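Engineer:
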Amino acid sequence: MSNEDEDEEEDEDGDEDEEEDGDEDEDGDEDEEADEEEDEEEDQSERDVPRQPRWRSSERRHQVCRVRVSRFSRFRSPPPPLRMMMRVMMRMMIRMMRMMMRMMRTGPVFWCVFLTLLCLRSMLHCSPVRGAGGLSSTAAAAPGSDGFLGLRKRGRLGQNPVKDLGPTSNSSHAWSRPRCGVPDILDVPGPVHLSGRQKRFVVYGGRWEKTDLTYKIVRFPWQMGEDKVRGVLQEALRVWSEVTPLTFTELRSGKADIVIDFTRYWHGDSLPFDGPGGILAHAFFPKTHRQGDIHFDYDESWTLGNDMGTDLLQVAAHEFGHVLGLQHSREPGAVMSAYYSFSYPLELSQDDKEGIQYLYGARPQIPPPAPPPVNPETNEIVINTPDACHTDFDAVSMIRGELFFFKSGYVWRIRDGYLERGYPALASRHWKGIPDTVDAAFEDQTGNIWFFQGENYWVFDAERPIRGPESIRGLGLSVSHLQAALRWGQDSNYNTYLFQSGSYWKLSPSESRVDSVYPHSMQDWSGIPDDVDAAFKDIYGYAHFIRGRHYWKFDPVARNSLEGYPRYIGQDFFGCRQA
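Position 50, counted from 1, in the sequence shown is what the numbering used here calls 963; the numbers after and before it change by one each time, with no gaps.
1. Could you please give me the residues that DSSP links to Phe1209 through a beta bridge?
2. Tell me whether Arg1334 counts as near the ligand HEM, meaning its Cβ is closer than 8 Å to at least one heavy atom of that ligand.
3. Quick check: the Cα distance between Pro1245 and Glu1368, rounded to an integer number of angstroms?
4. From Gly1238 to Pro1348, what distance separates their C-alpha atoms?
5. In chain order, what residues of the same chain lie with their CB nearer than 8 Å to the CB of Trp1179, ignoring the 5 residues before and after it?
6. Does the distance from the C-beta atom of Glu1163 to that of Lys1129 stay below 9 Å?
7. Determine the burial state of His1202: buried for a count of at least 16 other Cβ atoms within 10 Å of its Cβ, exposed for fewer.
8. Given a cut-off of 9 Å on the beta-carbon distance, is the pair Phe1449 and Leu1332 in contact?
9. Flag this pair as touching only if the region 1346 to 1360 and the region 1310 to 1329 have three or more C-beta atom pairs under 8 Å; answer yes or no.
10. Please check the pair Leu1261 and Val1152, which I expect to be a contact at CB under 8 Å, by giving their CB distance rounded to whole angstroms.
11. Does DSSP put Val1392 in a helix, a strand or coil?
12. What does the Cβ neighbour count give for Ser1058, buried or exposed, with the cut at 16 atoms within 10 Å?
13. Below 8 Å on the Cβ atoms is my guess for Arg1460 versus Tyr1481; work out the distance and round it to an integer in Å.
14. Terminal residues of the continuous beta strand (DSSP E) containing Ser1250?
15. Which residue from Val1430, Lys1141 and Gly1274 puts its Cα closest to that of Tyr1417?
16. Are Asp1437 and Gln1396 close, meaning C-beta to C-beta below 9 Å?
17. In the structure shown, what three-state DSSP assignment does Trp1371 receive?
18. Identify which residue in Phe1161, Gln1147 and Val1392 has its Cα closest to the Cα of Ile1452.
19. Taking DSSP as the reference, what is the three-state secondary structure of Lys1141?
20. For Ala1397, does the three-state DSSP call read helix, strand or coil?
21. Scan the region 1142 to 1166 and note each continuous alpha helix (DSSP H) run of 4 residues or more that stays entirely inside, going in chain order.
22. Closest to His1235 by CA distance: which of Ser1421, Gly1119 and Ala1456 is it?
23. Give the C-beta separation of Leu1259 and Ala1230 to the nearest angstrom, bearing in mind that I take them to be a contact with Cβ-Cβ under 8 Å.
24. Leaving out five residues on either side along the sequence, give the residues of the same chain with a beta carbon under 6 Å from the beta carbon of Tyr1455.
25. Does the beta-carbon of Gly1188 have 16 or more other beta-carbons within 10 angstroms, so that it is buried, or is it exposed?
26. First and last residue of the beta strand (DSSP E) that includes Ala1229?
27. Who are the near neighbours of Phe1175 in its chain, counting only those whose CB is closer than 7 Å to its CB and skipping five residues on each side?
28. Relative to the alpha-carbon of Pro1469, which residue among Leu1420, Gln1413, Asn1408 and Phe1355 has its alpha-carbon at the smallest distance?
See the structure below:
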């Protein structure tokens, strides 16, 4: 047989194999179709047969499991609930795509409206403002709604807000200065003064209906002692009381008009502090829901008289102005200006004075002292004013953070180490009704001033008499003509000491009684002479004892007189040459 015949036989065999394979495939397809028909019949029969509880028929339970396995082992359409969910999701996606297409067609209009709304939101909510120096200032709330004022410090830690650069300046330097974070209330132009200048102060619209106000300190900052804080706040109030009929009295308990608190973060008024370097303080105007409240940020570095932290005196003076009813002033350099800087000494500007006097009026004029007597023989004026360099003072006291020397009805007033202009002056200029000579004087914890003379004493609230003359025997004393009085101590442990002839008593001004009728010995005051003429405590906590023209300085820690004392009073306090 030839090769060609063999090839033809192989081809015929291959064709027969392919035909057999095709027949097998057709048989397989027919089997699969038959299986599917059987499955459909089973499914139909299962749907027609009522379902029985599983606990009644274990055979039925196994059958259901087999049906479920066979059903999910093949690629079939999802069950009806899933299909419904997919349809809902598809419809939502189609709607979102249509909305996006519409936004794309109206793109410019949409973005213009969107940006406009953002700008309006930032204006209404006082969003952060960026200046040339990258410093921000954010107001916590608009004052027109609830009377709130927030004092905000911007810049490096150590800058202090108090008085300011003019708000009208648009230079980069102006924008980088610390600023109060509250938006200013626009005020209508005020009346023109005689000088032709319009008022630049702004009043909020509320004022106190009385001039005798009380205040209370709830908590104190950790950086400063309680007595020092009280002195600072008294000084901040004094700048306002000097030009108005207002008086301020501290209360230790009970309800006060002005409540001062050093607090942190969330503290109950929905206006939280933000730690060091942010909002320093905020206050509430009169006739608002929280009138008279002043809150200072406890976490600030509160200082006094230096620019290494936040100066409490100047911030407090600004906040007291808000509590009295003043808004921010447009006058550069005013205490109530929106921009702040460290500045000493603290003084009200003319605009500040006009603003507070617009609300409460000017301070009543004190009649001038009587003219000095005239010698009828020589027609010369006889001047009886004592010379501070050559006199023995009757009494000395620290009042409102200032030092007062008393002698023969006259008083010298020393502030920040310098004698105030217009002094010496008659003591009756400040305290009407006190005697010409004063044996002793001191200021108690409430700010009331006590004067002793002979067997009587007087008590004044600032310059207003509230007690006296009353007998000192009512205090439990069996002596008269005290020589000195001193309120002295550390932190909250203060006592008032009354001295006479080498002895002393402890007085409780709140109870108006001495602790014992029997005196203590002056030996408790190491290095201090027995007979002292006057005594006072300085702002640093040292006690000073005066006898004649000299004084001793007493260390509160070592509890003895410092080395190098006594020293000459006239030289250290009045700039006199050594006699």
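Backbone N, C-alpha and C define an ideal beta-carbon position, used for all residues, glycine too. Owing to the predicted nature of the structure, the values given are computational and were not obtained by experimental measurement.
Structural biologist: Concretely, from the data shown:
1. Against the sequence shown, residue 1209 aligns to sequence position 296. In the DSSP output, where bridge partners are listed per residue, Phe1209 has Phe1175 and Ala1194.
2. The model on display carries no ligand, and the ligand HEM is accordingly not part of it.
3. On the sequence shown, position 332 is the one that residue 1245 refers to. On the sequence shown, position 455 is the one that residue 1368 refers to. One alpha carbon belongs to Pro1245, the other to Glu1368, and they sit about 53 Å apart.
4. Locating residue 1238 in the sequence shown gives position 325, counting from the first residue. Locating residue 1348 in the sequence shown gives position 435, counting from the first residue. Approximately 38 Å, taken between the alpha carbons.
5. Taking the first residue of the sequence shown as 1, we reach residue 1179 at position 266. Non-local C-beta neighbours of Trp1179 in its own chain, meaning closer than 8 Å and more than five positions away in sequence, comprise Pro1185, ordered along the chain.
6. The sequence position of residue 1163 within the sequence shown is 250, counting from 1. The sequence position of residue 1129 within the sequence shown is 216, counting from 1. Taking 9 Å as the cut-off, the beta carbon of Glu1163 is found closer than this to the beta carbon of Lys1129.
7. On the sequence shown, residue 1202 is found 289 positions in, with the first residue counted as 1. Counting the other Cβ atoms within 10 Å of the Cβ of His1202 gives fewer than 16, which makes it exposed.
8. Stepping through the sequence shown from its first residue, residue 1449 is reached at position 536. Stepping through the sequence shown from its first residue, residue 1332 is reached at position 419. Not a contact, by the Cβ cut-off of 9 Å.
9. Because the criterion of three Cβ pairs below 8 Å is met, the region 1346 to 1360 and the region 1310 to 1329 touch.
10. Residue mapping note: residue 1261 aligns to position 348 of the sequence shown, counting from 1. Residue mapping note: residue 1152 aligns to position 239 of the sequence shown, counting from 1. Confirmed, Cβ separation roughly 5 Å.
11. Mapped onto the sequence shown, residue 1392 falls at position 479. Looking at Val1392 - three-state DSSP - the assignment turns out to be coil, as it is neither helix nor strand.
12. Along the sequence shown, read from residue 1 onward, the residue named residue 1058 stands at position 145. Unreliable placement is indicated for Ser1058, whose pLDDT of 36 sits below 50; no coordinate value is reported for it.
13. For the purposes of this step, residue 1460 is identified with residue 547 of the sequence shown, where counting begins at 1. For the purposes of this step, residue 1481 is identified with residue 568 of the sequence shown, where counting begins at 1. Not really, about 12 Å apart at Cβ, beyond 8 Å.
14. Position 337 of the sequence shown, counting from 1, holds the residue named residue 1250. For Ser1250, there is no enclosing beta strand (DSSP E), as DSSP marks it with neither H nor E.
15. Along the sequence shown, read from residue 1 onward, the residue named residue 1417 stands at position 504. Among Val1430, Lys1141 and Gly1274, the Cα nearest to that of Tyr1417 belongs to Val1430.
16. By one-based count along the sequence shown, residue 1437 stands at place 524. By one-based count along the sequence shown, residue 1396 stands at place 483. No.
17. The residue you call residue 1371 lines up with position 458 of the sequence shown. Three-state result, Trp1371: strand.
18. Numbered from 1 along the sequence shown, position 539 holds the residue referred to as residue 1452. Here the closest residue by C-alpha is Gln1147.
19. The count along the sequence shown starts at 1 and reaches residue 1141 at position 228. In this structure, DSSP gives Lys1141 a helical state, which the three-state scheme calls helix.
20. Here residue 1397 refers to the residue found at position 484 of the sequence shown. In the structure shown, Ala1397 sits in a strand (DSSP, three-state: E or B).
21. Entirely contained in the region 1142 to 1166, not one alpha helix (DSSP H) run reaches 4 residues.
22. Residue numbering aside, residue 1235 sits at position 322 when the sequence shown is read from its first letter. Here the closest residue by C-alpha is Gly1119.
23. Here residue 1259 refers to the residue found at position 346 of the sequence shown. Here residue 1230 refers to the residue found at position 317 of the sequence shown. Contact between Leu1259 and Ala1230 holds, since their C-beta atoms are separated by about 6 Å, short of 8 Å.
24. Reading the sequence shown from its first residue, position 542 is the one you call residue 1455. Excluding five sequence positions before and after Tyr1455, the CB atoms of its chain that fall closer than 6 Å to its own CB belong to Lys1466, given in chain order.
25. Counting from one through the sequence shown, the residue named residue 1188 turns up at place 275. The C-beta of Gly1188 has fewer than 16 other C-beta atoms within 10 Å across all chains shown, which makes the residue exposed.
26. Indexing the sequence shown from 1 puts residue 1229 at position 316. Element bounds for Ala1229: not the beta strand (DSSP E) but the alpha helix (DSSP H), Leu1225 to Leu1237.
27. The count along the sequence shown starts at 1 and reaches residue 1175 at position 262. Arg1132, Phe1133, Pro1134, Phe1209 and Tyr1211.
28. Counting from one through the sequence shown, the residue named residue 1469 turns up at place 556. In terms of Cα proximity to Pro1469, the closest of Leu1420, Gln1413, Asn1408 and Phe1355 is Asn1408.
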